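>
In the numbering used here, the protein residues as written are 152 to 282.
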């Protein structure tokens with residue numbers, strides 16, 4: 152057997168070994184490609200409804216945000232009115248304090264006048280009754 156014949160046999164055996172080694176690898180690659188295809192189909196099927204729901208939620212959020220923006224002026228006016236009301240209540244409170252101090256002072260004067268009047272009347276009656 153010449154040297155080229157031996158070389159051809161070695162090459163043929165090497166190609167057979169290579170084919171036997173590559174066949175399982177190629178089958179694995181085929182299964183992987185099929186799984187990736189199924190995964191892509193599943194993602195497309197589930198992602199579309201999710202995206203549609205997300206679009207609806209975003210539209211609702213825009214509506215709510217617009218409503219909040221519209222009522223911001225109302226809240227500002229309410230807070231301004233509340234501040235004015237607080238100022239008015241403070242003014243009323245000061246007026247009530249002044250009136251209550253006047254009433255307390257006049258009450259003390261009235262009580263003093265009563266006591267003094269009663270004392271003077273008692274003294275007058277004692278002098279008159281004693282003579």
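Quick reminder that beta carbons are idealized off the backbone N, C-alpha and C, glycines included. Note that the coordinates shown come from a computational prediction; the quantities given were computed from them, not determined experimentally.
(1) Counting only the same chain and skipping the five closest in sequence on each side, list residues whose C-beta sits under 6 Å from that of residue 273.
(2) Helix, strand or coil: which one does DSSP assign to residue 200?
(3) Quick check: what's the CA-CA separation for residue 268 versus residue 261?
(4) Helix, strand or coil: how does DSSP classify residue 175 here?
(5) May I have the straight-line CA-CA distance separating residue 228 from residue 239, to the nearest angstrom?
In short, the structure shows the following:
(1) Looking up residue 273 in the chain shown gives position 122. Cβ neighbours of residue 273 beyond the five flanking positions: none.
(2) Here the question's residue 200 lines up with position 49 in the chain shown. Three-state result, residue 200: helix.
(3) The sequence position of residue 268 within the chain shown is 117, counting from 1. The sequence position of residue 261 within the chain shown is 110, counting from 1. Rounded to the nearest angstrom, the two C-alpha atoms are 10 Å apart.
(4) Position 24 of the chain shown, counted from the first residue, corresponds to residue 175. In the structure shown, residue 175 adopts helical secondary structure according to DSSP, grouped into three states.
(5) Counting from 1 along the chain shown, the entry for residue 228 is found at position 77. Counting from 1 along the chain shown, the entry for residue 239 is found at position 88. When rounded, the distance between both Cα atoms is 16 Å.
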